[in-house]
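The block underneath contains the structure these notes are about, expressed in structure tokens.
There are 2 protein chains.
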Amino acid sequence: MRKSAKLLRQESLIDILEKDPFVTDDSLSEQLSVSIQTIRLDRMALGIPELRKRIKDVAKNNYDRVKTISKSEIVGELLDLELNDRAISILDTDNDMVYEKTQIVKGHYIFAMAESLALAVIDADVAITGVANLKYKIPVKAGEKLVAKAKVTQIKEIEYYVHIFISVQDEQVFRSKFIMKAV
Amino acid sequence: MRKSAKLLRQESLIDILEKDPFVTDDSLSEQLSVSIQTIRLDRMALGIPELRKRIKDVAKNNYDRVKTISKSEIVGELLDLELNDRAISILDTDNDMVYEKTQIVKGHYIFAMAESLALAVIDADVAITGVANLKYKIPVKAGEKLVAKAKVTQIKEIEYYVHIFISVQDEQVFRSKFIMKAV
DNA sequence: CTTCAATTAGTAGCAGGTACTAAAATAAAG
DNA sequence: CTTTATTTTAGTACCTGCTACTAATTGAAG
């Protein structure tokens, strides 16, 4: 038994809207050569909301994401910097950074904070993370302010040894050792 | 000469819409305690389009971005999973994940991929990263497909030892050792 | 008290729908 | 071939959040 015209049409409908969610029922009815009512029945059957709702969803998703993403790019605000020696940065954690179940800040945010500070403290145009040694001592919860301190301990040609300590109100929550390679 | 009520109101209007563009004229008229017609005259004067147009603009502006952004939340697609034993995930890297200067994928993307796979492979409701040992062997460039393999090597009460190997076309680019703690 | 800007009120019309009823066309079954 | 069921089309009333317009009201300033 092959697929009914109805099923095929509904698949096409999904295809069209996945490629471009900004299409009216009217336009869909033209593209698929059926009446506008059929389009609406199809949307109902497939649980696809109306154009305005779709646009709003795209807009909302975006709007919230752009904020969190720009946060995840900013992996802390640099407060103090002495090249090849030391640096301090801070990062305010929030609800977007946590695992839902536990409300604990995801490890990679903390890692990103540490790594970016390690990169910042090095006096080299570009550097890549070579080896790292991490220890998460205490889980961080949303809302806590992280303070990261970097200390360059050794420089061997193109290799930089950097220690990072992150604390919440003077209590150490994370420490790490990076060996960075300037390229 | 101080500012007229009109000017102050129009400034507030701009403020409100900058913080949240998803507000109807009706809501604005309530917030600013003026009639809906006044709101409309103000929008005209300020050249601010109607709600639906604003929403559409937000949606359109970032529509292309959304796709790539949502990728950065996905830290790999799980292909194979044997709880407490092994797991495999893949991640396609792209231009949004790199340092501009070097075109090298930022370390925390790779770390996030590794960490999330390490979490996935553990048969525990929640787990936090305790200790990690990382080595970035070869820099990853945008566009390369990462394959991560996890292997649980030891389980001691609430502590899980997990090894993660990430490779690009059979060449190992990263390896790490995690000690995860179930909470 | 007048005069002009600012504000409010009210109406018609539009886009892109929902929600509903009903008729027509098509497909499936006996 | 007819009867039944499914699918599609048609049509209407109503909704939101406006635009575009006309007209009335209020407020401050000379």
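Here the protein sequences line up with chains A and B, keeping their order.
Per our numbering, the first sequence runs over residues -18 to 164.
Per our numbering, the second sequence runs over residues -18 to 164.
C-beta: ideal position from N, C-alpha, C; glycine also.
From residue i to residue j, what does the alpha carbon distance come to, in whole angstroms?
i, j, result
"Asp7/B", "Gly28/B", "18 angstroms"
"Pro30/B", "Lys37/B", "10 angstroms"
"Thr5/B", "Gln153/A", "47 angstroms"
"Asn114/B", "Leu115/A", "6 angstroms"
"Glu58/A", "Ile71/A", "5 angstroms"
"Lys52/A", "Ile69/A", "Bear in mind that a pLDDT of 41 at Lys52/A, under 50, signals an unreliable position, so the number given afterwards is only what the model happens to contain. The alpha-carbon atoms of Lys52/A and Ile69/A are separated by roughly 18 angstroms."
"Thr49/B", "Glu96/B", "With a pLDDT of 37 at Thr49/B, under the threshold of 50, the modelled position of that residue is not reliable, and the figure given next carries that caveat. Straight-line Cα distance between these residues: approximately 21 angstroms."
"Arg33/A", "Ile136/B", "52 angstroms"
"Ile109/B", "Val121/A", "10 angstroms"
"Leu62/A", "Lys126/A", "19 angstroms"
"Ala93/B", "Ser14/B", "49 angstroms"
"Lys41/A", "Met78/A", "18 angstroms"
"Phe159/A", "His144/A", "6 angstroms"
"Ala123/B", "Asp73/B", "8 angstroms"
"Ser10/A", "Arg24/A", "12 angstroms"
"Leu64/B", "Glu140/B", "15 angstroms"
"Arg(-10)/B", "Leu(-2)/B", "12 angstroms"
"Tyr142/A", "Val128/A", "20 angstroms"
"Lys162/B", "Asp66/B", "16 angstroms"
"Glu81/B", "Asp104/A", "17 angstroms"
"Asp75/A", "Arg156/A", "21 angstroms"
"Phe3/B", "Gln12/B", "14 angstroms"
"Ile(-5)/A", "Leu100/A", "45 angstroms"
"Gln150/A", "Tyr117/A", "16 angstroms"
"Lys0/A", "Val39/A", "13 angstroms"
"Leu98/A", "Ser148/A", "14 angstroms"
"Ser(-15)/A", "Val133/B", "48 angstroms"
"Ala26/B", "Arg35/A", "30 angstroms"
"Leu(-12)/B", "Ile17/B", "17 angstroms"
If you measure from the beta carbon of residue i to each beta carbon in chain A, is any gap under 7 angstroms?
i, result
"Leu72/B", "no"
"Glu96/B", "yes"
"His144/B", "no"
"Phe92/B", "yes"
"Tyr141/B", "no"
"Ala131/B", "no"
"Ile85/B", "yes"
"Gly88/B", "yes"
Less than 7 angstroms between CB atoms is the rule here; does residue i satisfy it with respect to chain B?
i, result
"Lys37/A", "yes"
"Asn114/A", "yes"
"Ile119/A", "no"
"Ala40/A", "yes"
"Gly57/A", "no"
"Ile109/A", "yes"
"Gly221/A", "Residue 221/A lies beyond the range of chain A shown here (-18 to 164); nothing can be said about it."
According to DSSP, simplified to helix, strand and coil, what is residue i?
i, result
"Tyr90/B", "helix"
"Ile55/B", "Low confidence applies to Ile55/B: its pLDDT is 41, below 50, so where it sits in the model is not reliable, and the reading given next is rough at best. The answer is coil: DSSP assigns Ile55/B none of H, G, I, E or B."
"Lys41/A", "helix"
"Asp174/B", "This structure cannot speak to residue 174/B, because chain B is shown only from -18 to 164."
"Leu127/A", "strand"
"Glu96/B", "helix"
"Ala(-14)/B", "helix"
"Lys166/B", "A question about residue 166/B goes unanswered here, because the residues of chain B that appear run from -18 up to 164."
"Lys0/A", "helix"
"Gln(-9)/A", "helix"
"Ala163/B", "strand"
"Gln18/B", "helix"
"Ala101/B", "helix"
"Asp75/A", "coil"
"Gln12/A", "helix"
"Lys48/B", "Because the pLDDT of Lys48/B is 41, which lies under 50, any placement of that residue in the model is unreliable, and the question is left without a value."
Say the cut is 6 angstroms; is the CB of residue i nearer than that to a heavy atom of the ligand HEM?
i, result
"Val128/A", "Inclusion of the ligand HEM in the displayed structure is not the case, the ligand content being empty and no account of it being possible."
### Query
Is the number of C-beta pairs between the stretch 93 to 113 of chain A and the stretch 81 to 94 of chain B that are closer than 8 angstroms three or more?
yes
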